[in-house]
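Engineer: The structure follows.
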Amino acid sequence: MLPFAQLGGFVTEMLGYPFMQRAFVAGVCIAVVAPLVGSFLVHRQLAMIGDTLAHTAFAGVAVGIFLSSLLATEVSPNLTALVVAVAAALLIQVLSEHTDVYNDVSMAVVLTGGFAVGTVLISLTSGGIAVSINQYLFGSLSTLTRGDVEILAVLSVIVVASVLVTYRKLVYVTFDESAARIAGFDVRLLNRLLVVLTAMVVVGAMQMMGVILVAAMLVVPVAAATQLARSFKQSVVLAIVAGQVAVLLGTTLSYTYGVAAGGTIVLVAIGVYLGAAVVSRLGVARMG
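What follows is the structure, given as structure tokens:
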């Protein structure tokens with residue numbers, strides 16, 4: 029254990045770097061919105077939609093970089109990723125509503141199609157695009173710009189506000205869609221809102237977490253919370269707490285040891301999940 033003075037000095041040194049300040053602000057935002065939206069997804073057995081939208085966001089990034097190269101002008105990859113991810117989210121919902129395929133099939137179609145588009149666009153350009161794509165695939169603390177954090181903050185406000193306004197209806201639809209229809213709720217609109225919010229979370233978080241790992245923050249903290257929670261509301265709160273622990277500790281370890289931030293955060297989140305599972309088992313054993 030570091031003495032308190034040394035620990036304080038370490039924290040001061042770490043937060044003295046602007047890129048670490050941006051990383052912690054971004055991480056705190058991600059650790060709020062990802063478990064918040066993920067709580068609804070996990071309880072609706074839609075955990076894989078985050079992974080699907082992350083791969084389609086990858087295609088959106090490729091579109092932005094490709095257009096920048098083609099038009100010789102700056103086209104924001106974040107903007108194109110958001111447009112493509114939202115369109116993919118709505119496509120998944122429309123496919124599940126108007127075709128005979130199940131949600132997992134529609135997600136598989138969109139996931140593979142999105143990643144295919146991204147790889148084709150990369151192959152049509154010179155090797156330089158691969159360097160730009162790399163930071164989106166795996167995430168990076170050092171490449172987080174103030175603009176990236178501002179976009180994430182705006183998306184986070186929109187997501188949190190949307191969930192707060194529609195919370196009761198979303199819970200109703202999550203646990204009993206048929207009863208929600210009978211109660212007069214617009215289930216189709218609420219389902220579309222949820223997938224669009226998921227797309228916003230994925231695009232906002234991918235710069236730090238990376239496309240490959242961003243979906244984990246929608247699922248793992250929620251899985252940890254469900255081990256201990258006695259109600260849905262409590263599960264949401266505990267999931268956000270688990271997300272904060274994973275992000276703050278994971279980002280600190282990433283800085284300390286010079287390892288990938290996204291992977292470290294996810295590994296810490298898995299550790300939190302395992303710890304929660306052990307605590308839950310011990311509690312059950314004592315009750316028995």
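If you read the sequence shown in this note's numbering, its first letter stands for residue 29, the second for the next number, and so on. Glycine residues also receive a C-beta, built at the ideal position from the N, C-alpha and C atoms.
1. Report the CB separation of Leu222 from Leu192 in whole angstroms; it is logged as a contact under 8 Å.
2. Looking at Gly238 and Gly175, is the spacing between their C-beta atoms short of 7 Å?
3. Spatial neighbours of Leu302 within its chain, please: C-beta separation below 7 Å, excluding the five flanking residues on both sides.
4. Quick check on the DSSP output: the alpha helix (DSSP H) that includes Phe213 runs from which residue to which?
5. From Val112 to Leu310, what distance separates their C-alpha atoms?
6. Go through the segment 149–199 residue by residue and report every complete run of the alpha helix (DSSP H) that reaches 4 residues or more, in order.
7. Does DSSP classify Met76 as helix, strand or coil?
8. Pull up the CB-CB distance for Ile24 and Thr284, whole angstroms please, since I reckon it's below 8 Å.
9. Pull up the distance between the alpha-carbon of Gly182 and that of Ala189, whole angstroms please.
10. Measure the C-alpha to C-alpha separation of Ser134 and Ala87 and round it to an integer number of angstroms.
11. Per DSSP, what kind of secondary structure is Gly88 in: helix, strand or coil?
12. What's the call for Tyr164, buried or exposed, on a 16-neighbour Cβ count within 10 Å?
13. Using three-state DSSP, classify Thr101 as helix, strand or coil.
14. Nearest to Val307 by CA position, among Leu295, Glu102, Ala257, is which residue?
15. Answer yes or no: do Gly142 and Thr84 have a C-beta to C-beta separation smaller than 7 Å?
16. I'd like the span of the alpha helix (DSSP H) that includes Val239, first residue to last.
17. Give me the Cα-Cα distance between Ser282 and Leu43, rounded to the nearest whole angstrom.
18. Quick check on DSSP: helix, strand or coil for Tyr45?
19. Go ahead and pull the three-state DSSP assignment for Gln121.
20. Out of curiosity, what's the CA-to-CA distance linking Phe14 and Gly92?
21. Let me know if Ala297 comes out buried or exposed under the rule of 16 or more other beta-carbons within 10 Å of its beta-carbon.
22. Quick test of the definition: if touching needs 3 or more C-beta pairs under 8 Å, does the segment 240–248 touch the segment 59–74?
23. Any idea if Val185 is buried or exposed, counting beta-carbon neighbours within 10 angstroms, 16 or more meaning buried?
24. Less than 7 Å between the C-beta atoms of Val300 and Ala270, yes or no?
25. Would you kindly check if the distance between the Cβ of Val242 and the Cβ of Ala251 is under 7 Å?
26. Between the beta-carbon of Ala54 and the beta-carbon of Leu172, is there less than 7 Å?
27. State the DSSP-derived secondary structure class of Gln262, mapped to helix, strand or coil.
28. Measure the C-alpha to C-alpha separation of Gln73 and Ser124 and round it to an integer number of angstroms.
Structural biologist: Short version:
1. In fact, because the Cβ distance is near 14 Å, the residues do not count as touching under 8 Å.
2. no
3. none
4. From DSSP, Phe213 is part of no alpha helix (DSSP H); its letter is neither H nor E.
5. 45 Å
6. 156–166
7. coil
8. What is shown of the chain runs 29 to 316, which leaves residue 24 out entirely.
9. Before going further, note that residue 182 is Val rather than Gly in the sequence given. About 11 Å.
10. 17 Å
11. helix
12. buried
13. coil
14. Ala257
15. yes
16. Premise fails: Val239 is in no alpha helix (DSSP H) and is neither H nor E.
17. 13 Å
18. coil
19. helix
20. Nothing about residue 14 can be reported from this structure: the residues present for the chain run from 29 to 316 only.
21. buried
22. yes
23. exposed
24. yes
25. no
26. yes
27. helix
28. 14 Å
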